[in-house]
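Below is one structure, written out as structure tokens, with a few remarks after it.
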Amino acid sequence: MTVAVLTDLHANLAALDAVLEALGPVGAVWVLGDIVGYGPDPDAVVRRLRARGAVAVRGNHDAAVTGVIGTDDFNPVAREAAHWTARTISAATRAWLHDLPERLEIGEMTLVHGSPRDPVWEYVTDARIAEANLPAFTTRHALVGHTHLPRIFRAEPDRVSSQVPVDGTVLALDERRCILNPGGVGQPRDMDPRACAMLLDPATGRAEWRRIAYPVGETQARMREAGLPGSLIDRLAADW
Ligand code: ZN
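Residue numbering for the sequence shown follows this note's numbering, starting at 338 and increasing by one per position.
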């Protein structure tokens, strides 16, 4: 069975639809949080995920729009978008987001948004932080999001290595423990506007990273209609 591993969708329906189409038929969809926030289509994104039977964990944005955490720690534009989302979403979307767990274990994989030791807030940005998180999960591997940056961290005998996967990068998982980040669907932060996704075959241990172009202008137009902050609209196209 092939699994689509997605994170940081951020209510970007055009990106999600392009990703689901590009990945083709998959046996399951696993989502690592930040399903909403920033973007213009929170209800439609949640409906799409529910229709696909996705399993998901909660991100900091999902927690904020459902009142599980406050928005004091958000930057001003993230807070403004979170409040817009909280005002906009349907009762069904709110209930589904509210009930998401912080952590899931599926076979050899732990799914969290931030990091295994701090699923809501910690960013796994480098090998040192990845190493410090290895004792915080009991499955062999962990899947994380939150940074919006595709990464492979792997425990070698003497150190934790760090790799930046690109479109088409394939990793063969083995006994070495890994923390893997697919990169963000709805708001990449590595100066490549294409959406990120990962295909995973848990049975064979094959993981493949993909970059998928989508109509960024469509999402930007929807954000303008919604009156979302201009800096959030601009950054979707950032390629400098
Ligand atoms: Zn995010």
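The beta carbon of each residue, even a glycine, is placed where N, CA and C say it ideally should be.
With a 10 Å radius around its C-beta and 16 neighbouring C-beta atoms as the bar for buried, classify residue i as buried or exposed.
| i | result |
| --- | --- |
| Pro552 | exposed |
| Asp495 | exposed |
| Asp345 | buried |
| Glu493 | exposed |
| Arg395 | buried |
| Ala509 | exposed |
| Asp601 | Since the first residue of the chain shown is 338 and the last is 577, residue 601 is not available in this structure. |
| Ala479 | buried |
Which residues in the same chain as residue i place their Cβ atom closer than 8 Å to its Cβ, once the five residues preceding and following it in sequence are excluded?
| i | result |
| --- | --- |
| Ala473 | Ser452, Pro453, Arg454 |
| Ala359 | Ala534, Arg547, Ile549 |
Report the three-state DSSP secondary structure of residue i (helix, strand or coil).
| i | result |
| --- | --- |
| Asn349 | coil |
| Thr475 | coil |
| Leu369 | coil |
| Ala532 | strand |
| Asp354 | helix |
| Glu545 | strand |
| Ile489 | strand |
| Glu468 | helix |
| Ala540 | coil |
| Ala550 | coil |
Starting from residue i, follow the alpha helix (DSSP H) in both directions and report where the run begins and ends.
| i | result |
| --- | --- |
| Thr430 | 428-435 |
| Asp399 | 397-402 |
| Arg424 | 413-425 |
| Glu562 | 553-563 |
| Leu569 | 567-572 |
What residue does the beta strand (DSSP E) around residue i start on, and which one ends it?
| i | result |
| --- | --- |
| Leu582 | Nothing in the structure corresponds to residue 582, since the chain is present only between 338 and 577. |
| Ser498 | 497-500 |
| Ala381 | No beta strand (DSSP E) holds Ala381; the alpha helix (DSSP H) holding it covers 379-388. |
| Leu508 | 507-509 |
| Glu442 | 441-443 |
| Thr447 | 446-448 |
Here's a check: name, in chain order, each residue in its chain whose Cβ is nearer than 6 Å to the Cβ of residue i, leaving out the five neighbours to either side.
| i | result |
| --- | --- |
| Glu562 | none |
| Ala550 | Arg531 |
| Val366 | Ala341, Arg389, Ala391 |
Leaving out the 5 sequence neighbours to the left and right, which residues in its chain are closer than 7 Å to residue i when beta-carbon positions are compared?
| i | result |
| --- | --- |
| Ala423 | Val402 |
| Glu468 | Val497 |
| Asp399 | Gly370, Asp371, Ile372, Val373, Leu434, Leu437 |
| Asp576 | Met528, Asp529, Pro530 |
Counting Cβ pairs, one atom from each stretch, are 3 or more of them under 8 Å apart for the region 513-531 and the region 352-362? yes
The region 535-545 touching the region 383-390, judged by at least three CB pairs closer than 8 Å: no
Do three or more CB pairs link the region 566-577 to the region 410-417 at distances below 8 Å? yes
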